[in-house]
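Below is one structure, written out as structure tokens, with a few remarks after it.
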Amino acid sequence: MLINNVHIVGKKDSPSQIEITGSKISAVRSQSEKQNDKRSDSVINFTDAIAFPGLINSHDHLEFNLYPQLGNKNYSDYVEWGNDIHEKNKEQIENVKKVPYDLRFKWGLYKNLLCGITTVAHHGNGKVIHLNNLPGVITSYNYLHSIRLEKNWKLKLNSIFNRKPFVIHIGEGTNVESYDEINELLNWNIFRKKIIGVHGISLDKKQSSKFTALIWCPDSNFYLYGKTANIPLLKLNTLILFGTDSSVSADWNIWSQLKSARELNYLSDDELYKGVTENAAKIWGIKSKGSISINKTADIVISKRKFDDNWDSFYNTNLEEILLILKNGVIVFIDEELAKEGGLIDINNFDLISINSKHKFVIKGIIDLMKSAHHFLPQFNFPITIA
0 MLINNVHIVG
10 KKDSPSQIEI
20 TGSKISAVRS
30 QSEKQNDKRS
40 DSVINFTDAI
50 AFPGLINSHD
60 HLEFNLYPQL
70 GNKNYSDYVE
80 WGNDIHEKNK
90 EQIENVKKVP
100 YDLRFKWGLY
110 KNLLCGITTV
120 AHHGNGKVIH
130 LNNLPGVITS
140 YNYLHSIRLE
150 KNWKLKLNSI
160 FNRKPFVIHI
170 GEGTNVESYD
180 EINELLNWNI
190 FRKKIIGVHG
200 ISLDKKQSSK
210 FTALIWCPDS
220 NFYLYGKTAN
230 IPLLKLNTLI
240 LFGTDSSVSA
250 DWNIWSQLKS
260 ARELNYLSDD
270 ELYKGVTENA
280 AKIWGIKSKG
290 SISINKTADI
300 VISKRKFDDN
310 WDSFYNTNLE
320 EILLILKNGV
330 IVFIDEELAK
340 EGGLIDINNF
350 DLISINSKHK
360 FVIKGIIDLM
370 KSAHHFLPQF
380 NFPITIA
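Numbering (numbering that gives the first Met the number 0), first residue to last: 0 to 386.
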């Protein structure tokens with residue numbers, strides 16, 4: 000496959016040609032040095048388009064994305080939030096639980112795919128469902144929920160058999176308890192296991208140096224606590240990754256979250272970008288992903304280029320402007336007009352949906368999922384419609 004005339008985000012501004020062989024990127028060259036299109040069975044030509052690697056979402060609870068945002072005030076910490084919504088929003092929670100786990104998890108995967116996310120870290124101890132052509136689920140870590148809600152966390156953390164990094168909600172709140180639990184975690188990390196923290200609202204600079212990385216979820220933080228982590232300070236001592244969290248506490252759309260995060264100016268455009276690409280791939284041990292480079296996995300997203308500056312185009316991406324998504328070199332999402340031009344897909348393997356009035360072909364299964372979920376939860380409004 001040859002992809003012609005795309006501006007690769009984070010690289011030189013001139014248009015490029017990307018060549019894909021099987022599941023890998025086999026060449027990236029200047030468009031002026033492009034290879035003859037006759038060399039490939041599939042050639043996709045673009046004008047005014049940007050290309051970037053499939054995004055890596057470092058924090059989601061995949062089975063929690065049929066929930067609306069649940070919160071009734073600003074909370075002091077995650078324990079207060081959990082207790083409050085289970086008391087005041089009990090009926091909503093029970094209604095969503097009626098939807099079978101597999102359906103809820105699968106919607107979480109599709110939610111990510113529609114946003115151009117091809118890899119997602121699921122934070123949970125339930126069954127993980129791996130489905131071909133949907134985002135890959137990161138499982139190469141040890142799960143801990145949090146200091147106050149995880150039973151036997153000290154034993155789990157210090158087991159000699161657990162050599163993978165630990166991922167834990169930490170410092171999730173604005174009160175003293177949220178700060179103190181960070182020190183408790185670090186004091187009990189006897190064997191200096193690698194720890195990836197999530198949220199870290201109460202994390203200070205000294206503490207941050209003891210974490211392999213911090214996953215920043217500002218949309219969820221501001222919604223629940225009215226505050227987020229001190230990223231300008233924390234980034235001096237640890238890598239910052241980006242996570243969406245689930246729809247129970249955040250917007251389902253990563254692009255609205257990234258745009259808001261950029262406006263905070265806590266990270267440079269490049270730092271925030273690497274938090275969903277290159278640095279995320281490094282921390283999760285998936286070095287074959289995270290960039291558009293030779294021999295990397297062909298997880299690629301193509302979207303409209305609306306500005307001369309590629310950063311402006313990237314951070315102002317709207318869902319309906321995504322034109323193409325490749326997963327392992329396979330088309331899993333394509334704009335209807337683009338699909339018509341080249342006969343690039345067998346439409347029998349795809350579902351036709353509408354995102355903000357723009358028609359897109361998505362790898363088959365999403366329509367059946369929506370119908371099945373509505374059987375149990377008829378009041379849920381999916382953010383897409385069946386075309």
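The beta carbon of each residue, even a glycine, is placed where N, CA and C say it ideally should be.
Under the DSSP assignment, V78 falls in the alpha helix (DSSP H) whose first and last residues are 77-87. Proximity of the segment 11-31 to the segment 81-101 falls short of the contact definition, fewer than three beta-carbon pairs being nearer than 8 Å. Taking 8 Å as the cut-off, the beta carbon of L108 is found closer than this to the beta carbon of L61. Nearest in C-alpha terms to W80, of all of N347, Y224, L1, is Y224.
Minimum Cα-Cα distance from K357 among the listed residues V175, E183, I333 corresponds to I333. Annotated as distal: G328 and G53, with beta-carbon spacing of 8 Å or more. In the DSSP assignment, I366 falls outside any beta strand (DSSP E) and within the unbroken alpha helix (DSSP H) covering 365-375. The bridge partners DSSP lists for G196 are I167, L213. Inclusion of T173 and S201 in the CB contact set at 8 Å is warranted, their separation being smaller than that value.
Contact between the segment 304-323 and the segment 3-10 is established, with three or more Cβ pairs separated by less than 8 Å.
By the 16-neighbour rule on beta-carbons within 10 angstroms, K326 is buried. Relative to F63, the option among I159, K87, R103, A50 whose CA is nearest is R103. Judged by their CB atoms, F241 and W283 are not nearer to each other than the 8 Å cut-off. When rounded, the separation of the alpha-carbon atoms in K163 and S139 is 7 Å. When only Cα atoms are considered, V42 and L322 end up about 15 Å apart.
Looking at the DSSP output, I43 bridges to I2. For I137 and F210, the gap between their C-alpha atoms comes out near 19 Å. The beta carbons of I330 and D350 sit about 13 Å from each other, so the pair does not count as a contact at 8 Å.
The beta carbon of D47 lies closer than 6 Å to those of R304 in the same chain, with the five residues before and after it left out. In this model, L1 and D59 are separated by some 33 Å (Cα to Cα). Within the segment 283-361, the alpha helix (DSSP H) runs of at least 4 residues that lie entirely inside it are, in chain order, 309-314, 335-341. In terms of Cβ geometry, Y222 and G70 form a close pair [threshold 8 Å]. About 6 Å separates the beta carbons of V98 and A372, which is inside the 8 Å limit, making them a contact pair.
For A249, there is no enclosing beta strand (DSSP E), as DSSP marks it with neither H nor E.
T118 places its beta carbon less than 8 Å from that of I285. 8 Å or more divides the Cβ of L235 from the Cβ of K193. The beta carbon of E180 is closer than 6 Å to those of I146 in its chain, skipping five residues each way along the sequence. One alpha carbon belongs to H129, the other to G135, and they sit about 7 Å apart. S158 counts as exposed, since fewer than 16 other beta carbons sit within 10 angstroms of its beta carbon.
By the Cβ neighbour-count rule, V166 is buried, with 16 or more other Cβ atoms within 10 Å of its own.
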